[in-house]
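**Q** What follows is a single structure, and I will ask about it in a moment.
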Amino acid sequence: MAMILPALPVAVEVISSVNALNEFVGWATPHMKAAIRYARNIPRSPDEENTAAQRQIQEKIEQLGDKLGRLKTRIWKLKTTMPKMLDLIDRVEWQSHKEQATVLLPEIKDAVYDAEDLLDEFDYYALKLKVECNKNLGQDHLHNAFMEFLNTIDCDEPNNYTTKVNDIQERLDHLNQQSKDMGLHKAELRFDKSVRPETSSFVNETKIFGRKKELKSLMEKLGVKIPVKSTEKRKLAEGSARMEELPVLPIGNARMTELSVLPIVGMGGMGKTTMAQQICSDSKVKKHFDLIIWTCASDDFDKKRLTKEILEHLGQDTSSNNLNFLMTKLQDCVRSKKFLLVVDDMWDGILKDDGAGWREFCAPLQNGSEGSRILVTTRSPEVAKVISPTYHYELPCLKGDVFWKFFKLCAFGSTSSVDNRESLECIGKNILPKLKGNPLAAKTIGRLLRMDLSTTHWENIMESELWQVEQTENDILPALRLSYMYLPQNLKRCFSIFFFF
1 MAMILPALPV AVEVISSVNA LNEFVGWATP HMKAAIRYAR NIPRSPDEEN
51 TAAQRQIQEK IEQLGDKLGR LKTRIWKLKT TMPKMLDLID RVEWQSHKEQ
101 ATVLLPEIKD AVYDAEDLLD EFDYYALKLK VECNKNLGQD HLHNAFMEFL
151 NTIDCDEPNN YTTKVNDIQE RLDHLNQQSK DMGLHKAELR FDKSVRPETS
201 SFVNETKIFG RKKELKSLME KLGVKIPVKS TEKRKLAEGS ARMEELPVLP
251 IGNARMTELS VLPIVGMGGM GKTTMAQQIC SDSKVKKHFD LIIWTCASDD
301 FDKKRLTKEI LEHLGQDTSS NNLNFLMTKL QDCVRSKKFL LVVDDMWDGI
351 LKDDGAGWRE FCAPLQNGSE GSRILVTTRS PEVAKVISPT YHYELPCLKG
401 DVFWKFFKLC AFGSTSSVDN RESLECIGKN ILPKLKGNPL AAKTIGRLLR
451 MDLSTTHWEN IMESELWQVE QTENDILPAL RLSYMYLPQN LKRCFSIFFF
501 F
């Protein structure tokens with residue numbers, strides 16, 4: 001048994017399947033004899049070189065070496081398959097609005113999780129041997145630990161490790177081929193335009209609720225003069241947004257002359273687009289700027305597409321696909337014009353190459369006259385830092401009585417007389433904390449509550465989680481879905497864990 005102890009580190013490498021087959025075979029020949037006798041109770045022979053026991057031992061060594069070699073190769077293949085499958089999960093998730101992807105995605109995730117569990121078991125055995133080597137618990141104890149692993153390979157049970165690795169690899173290969181057959185394998189990591197509808201400058205909301213201070217503050221930062229009383233000015237100054245002048249936008253080592261960028265940052269459903277629409281439709285803003293232009297970046301930042309959209313808005317021909325030609329034309333169009341350009345719903349695509357695409361997109365806009373502004377809405381603070389390093393406006397949640405009044409408007413609408421309104425409002429106040437001051441969440445739940453003004457229905461909604469209620473594409477969860485999609489896989493896993501709490 002003394003010969004087994006120094007060989008255990010090599011066994012650990014075998015279990016971990018890290019380039020250890022040669023080391024294992026070299027170790028097995030002189031040392032496996034005692035291990036096999038120990039496990040199989042093979043009696044000692046006085047002359048091992050010439051006995052049947054020796055031949056039996058030698059055959060067993062070779063068989064185990066072959067099995068470990070095949071297992072090592074299969075584990076290596078499984079490990080190299082895993083990154084591809086994680087990438088496939090990302091691609092299929094981006095297409096999860098399609099029925100075929102919805103069916104396939106859970107199967108892919110289950111197979112990947114099973115593969116990870118199996119690889120974790122190998123890591124467990126490796127760690128166990130390392131720990132027991134360090135504890136110096138004795139040769140028999142260490143020998144048993146190693147033989148425990150060997151027995152999981154050298155057994156006829158249907159769930160031995162060799163069978164498990166083969167089965168999981170076959171599942172992964174089959175699912176990978178299915179995704180190819182369905183056309184999901186090469187899906188781009190962004191939503192189709194049909195899923196991410198474009199926005200416009202036209203106001204969808206007849207009334208902006210609880211945002212008067214924010215609206216005035218933003219308009220002033222855009223350079224629009226708003227006559228207010230001195231007391232109102234003082235309240236604005238005490239608000240979350242300070243009244244300093246906006247910085248000019250850096251372009252490399254130079255700076256965009258007299259052109260400032262104002263990012264509005266907030267989570268999905270906070271009303272960033274609505275705020276921008278209200279600004280564009282305000283008569284004072286229309287008088288202040290010569291041109292008001294709206295474009296929607298969405299999650300796919302394409303400077304050529306955006307440049308074309310701006311030119312189309314200005315009534316220009318956009319048949320050319322030459323970016324330089326298009327930008328030259330845009331430069332001429334904004335020359336000596338004071339414009340407000342709104343870029344709605346900007347995502348992390350802008351971060352590529354340290355914002356080089358954004359700077360190139362902005363270059364022709366420097367020809368605008370003094371006071372021109374770019375207003376950007378985004379959920380990402382990182383995006384805001386790239387396009388405006390020193391300042392961004394963070395749109396806060398609706399709070400207190402303002403949010404309660406807004407929620408009641410969403411839930412009751414224009415209905416003035418409801419027999420059980422007092423009871424319903426009591427239930428509504430219990431629902432309110434779940435909505436976290438998010439206007440779109442209030443609209444989503446309010447719409448569902450308004451469908452049935454009975455206490456039973458309202459109590460059912462109160463006892464449900466937000467993700468359990470039926471929602472349309474304009475409700476809160478679809479709005480937040482894109483934020484989820486941009487998370488790395490390790491953080492997406494947290495949502496599965498949180499489900500149990």
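The C-terminal residue of the sequence shown carries number 501 in full-length UniProt numbering, and the numbering is unbroken. Where a beta carbon is used, it is the ideal one built from N, C-alpha and C, also for glycine. What you are looking at is a predicted structure, and each value in this text was computed from that prediction instead of being measured.
Once you ignore the five residues that flank K337 on each side, which residues in its own chain have a CB closer than 7 Å to its CB?
**A** To locate residue 337, count along the sequence shown from 1; it is residue 337. Excluding positions up to five away in sequence, the list reads D290, L291, G368 and S369.
**Q** Going along the chain, which residues of its own chain have a beta-carbon closer than 6 Å to the beta-carbon of G266, five neighbours each way excluded?
**A** Within the sequence shown, numbered from 1, the residue matching residue 266 stands at position 266. Cβ within range, chain order: K272 and L395.
**Q** Any idea what DSSP makes of S283, helix, strand or coil?
**A** Taking the first residue of the sequence shown as 1, we reach residue 283 at position 283. S283: helix per DSSP, three-state reduction.
**Q** In chain order, what residues of the same chain have a beta carbon less than 7 Å from the beta carbon of I461, not counting five sequence neighbours either side?
**A** Within the sequence shown, residue 461 is the residue found at index 461, counting from 1. Within the same chain, I461 has close Cβ partners I431, I445, L448, L449 and V469.
**Q** Determine which residues share a DSSP beta bridge with E394 and list them.
**A** Along the sequence shown, read from residue 1 onward, the residue named residue 394 stands at position 394. According to DSSP, which records beta bridges pairwise, E394 is partnered with V265.
**Q** Contact between the stretch 378–397 and the stretch 303–323 is defined here as three or more beta-carbon pairs at a separation below 8 Å; is this criterion met?
**A** Touching, no.
**Q** Buried or exposed: where does P488 fall if 16 or more other Cβ atoms within 10 Å of its Cβ makes it buried?
**A** Sequence index remark: in the sequence shown, residue 488 carries index 488 (1-based). Under this definition P488 is an exposed residue.
**Q** Using a threshold of 8 Å, state whether the C-beta atoms of K79 and L127 are closer than that.
**A** Indexing the sequence shown from 1 puts residue 79 at position 79. Indexing the sequence shown from 1 puts residue 127 at position 127. Cβ distance not < 8 Å, so K79 and L127 don't count as in contact.
**Q** If we count the other Cβ atoms within 10 Å of its Cβ and call it buried at 16 or more, is D332 buried or exposed?
**A** As a first step, residue 332 must be located in the sequence shown, where it is residue number 332. Exposed.
**Q** Quick one, which of M327, L351 and K287 has its alpha-carbon nearest I310's?
**A** On the sequence shown, residue 310 is found 310 positions in, with the first residue counted as 1. Of the listed residues, the one whose Cα sits closest to I310 is M327.
**Q** Using C-beta distances below 6 Å, list every residue in its chain close to L453, excluding the 5 sequence neighbours before and after it, in chain order.
**A** What you label residue 453 is simply residue 453 of the sequence shown in a count that begins at 1. Same-chain partners within the cutoff: V418.
**Q** Assign F339 to one of three DSSP states: helix, strand, or coil.
**A** Counted from its first residue, the sequence shown places residue 339 at position 339. The answer is strand: DSSP assigns F339 an E or B state.
**Q** DSSP on L375, reduced to helix/strand/coil?
**A** Within the sequence shown, numbered from 1, the residue matching residue 375 stands at position 375. Strand, per DSSP.
**Q** Please classify C426 as buried or exposed, where buried requires at least 16 other C-beta atoms within 10 Å of its C-beta.
**A** Translated into positions along the sequence shown, residue 426 becomes position 426. Counting Cβ neighbours within 10 Å, C426 comes out exposed, since fewer than 16 surround it.
**Q** Any heavy atom of the ligand ADP closer than 7 Å to the beta-carbon of Y124?
**A** In terms of ligand content, the structure shown is empty, and the ligand ADP therefore cannot be addressed.
**Q** Would Y393 and I293 be called neighbours here (beta carbons separated by less than 8 Å)?
**A** Walking along the sequence shown from the start, residue 393 turns up at place 393. Walking along the sequence shown from the start, residue 293 turns up at place 293. The answer is no: Cβ separation not under 8 Å.
**Q** For the candidate residues F202, G355, D348 and L340, whose alpha-carbon lies nearest to that of R373?
**A** Taking the first residue of the sequence shown as 1, we reach residue 373 at position 373. Ranking the options by Cα distance to R373, first place goes to L340.
**Q** Can you grab the Cα-Cα spacing for the pair P433 / E93, in whole Å?
**A** As a first step, residue 433 is located in the sequence shown; it is residue number 433 there, counting from the start. As a first step, residue 93 is located in the sequence shown; it is residue number 93 there, counting from the start. Their backbone Cα atoms lie some 30 Å apart in a straight line.
**Q** Using 10 angstroms around the beta-carbon of A356, count the other beta-carbons present and answer buried if the total reaches 16, otherwise exposed.
**A** Position 356 of the sequence shown, counted from the start, is the residue given in the question as residue 356. The residue in question, A356, is exposed, as its Cβ has fewer than 16 Cβ neighbours within 10 Å.
**Q** Which complete alpha helix (DSSP H) runs does the stretch 298–353 hold, if anything under 4 residues is left out?
**A** Listed in chain order, they are 303–313 and 323–334.
**Q** Between the C-alpha atoms of T377 and E99, what's the straight-line distance to the nearest angstrom?
**A** Your numbering for residue 377 matches position 377 in the sequence shown. Your numbering for residue 99 matches position 99 in the sequence shown. Spanning the two alpha carbons is a distance of roughly 31 Å.
**Q** Mapping the DSSP letters down to three states, classify I497 as helix, strand or coil.
**A** Reading the sequence shown from its first residue, position 497 is the one you call residue 497. Correct three-state label for I497: helix.
**Q** Residues in its own chain within less than 6 Å of C410 by CB, not counting five upstream and five downstream?
**A** As a first step, residue 410 must be located in the sequence shown, where it is residue number 410. Closer than 6 Å at Cβ, skipping near neighbours: A442, K443 and G446.
**Q** Short of 8 Å in beta carbon distance, which residues of its chain neighbour R493, apart from the five on each side in sequence? Order them along the chain.
**A** In the sequence shown, counting from the first residue as 1, residue 493 sits at position 493. Counting only Cβ-Cβ distances below 8 Å, and skipping sequence neighbours, we find nothing.
**Q** In chain order, what residues of the same chain lie with their CB nearer than 6 Å to the CB of V342, ignoring the 5 residues before and after it?
**A** In the sequence shown, counting from the first residue as 1, residue 342 sits at position 342. These residues qualify, in order along the chain: A276, W294 and L375.
**Q** Can you give me the C-alpha to C-alpha distance between K225 and S283, rounded to a whole angstrom?
**A** Here residue 225 refers to the residue found at position 225 when the sequence shown is read from its first residue. Here residue 283 refers to the residue found at position 283 when the sequence shown is read from its first residue. Cα-Cα distance, rounded: 12 Å.
**Q** Please report the residue range of the alpha helix (DSSP H) in which T163 lies.
**A** Your numbering for residue 163 matches position 163 in the sequence shown. Element bounds for T163: Y161 to D181.
**Q** Could you tell me the alpha carbon to alpha carbon distance between L351 and R359, rounded to whole angstroms?
**A** Taking the first residue of the sequence shown as position 1, residue 351 is located at position 351. Taking the first residue of the sequence shown as position 1, residue 359 is located at position 359. Using only the alpha carbons, I get a separation of about 11 Å.
**Q** Drop a sphere of 10 angstroms on the beta-carbon of Q63, count the other beta-carbons inside from all chains shown, and report buried for 16 or more, exposed for fewer.
**A** Here residue 63 is taken as the residue at index 63 of the sequence shown, counted from 1. Exposed, since its Cβ has fewer than 16 Cβ neighbours within 10 Å.
**Q** Using three-state DSSP, classify W27 as helix, strand or coil.
**A** Numbered from 1 along the sequence shown, position 27 holds the residue referred to as residue 27. Residue placement at W27 cannot be trusted, given a pLDDT of 39 that sits under 50; the coordinates are not used to answer.
**Q** Consult DSSP for T274 and reduce its assignment to one of helix, strand or coil.
**A** For the purposes of this step, residue 274 is identified with residue 274 of the sequence shown, where counting begins at 1. Helix at T274.
**Q** Between P439 and L398, how many whole angstroms is the CB-CB distance? I'm expecting something under 8 Å.
**A** In the sequence shown, counting from the first residue as 1, residue 439 sits at position 439. In the sequence shown, counting from the first residue as 1, residue 398 sits at position 398. Yes, they are in contact, since the Cβ atoms of P439 and L398 sit about 6 Å apart, within 8 Å.
**Q** With a 10 Å radius around its C-beta and 16 neighbouring C-beta atoms as the bar for buried, classify V165 as buried or exposed.
**A** On the sequence shown, residue 165 is found 165 positions in, with the first residue counted as 1. It is buried - the Cβ of V165 has at least 16 other Cβ atoms within 10 Å.
**Q** Measuring CA to CA, which of Q316, V402 and M346 is closest to V334?
**A** Counting from 1 along the sequence shown, the entry for residue 334 is found at position 334. Residue Q316 is the option with its Cα nearest to V334.
**Q** Where G210 and M451 are concerned, what is the direct C-alpha to C-alpha distance, given to the nearest angstrom?
**A** For the purposes of this step, residue 210 is identified with residue 210 of the sequence shown, where counting begins at 1. For the purposes of this step, residue 451 is identified with residue 451 of the sequence shown, where counting begins at 1. C-alpha separation (whole angstroms): 25 Å.
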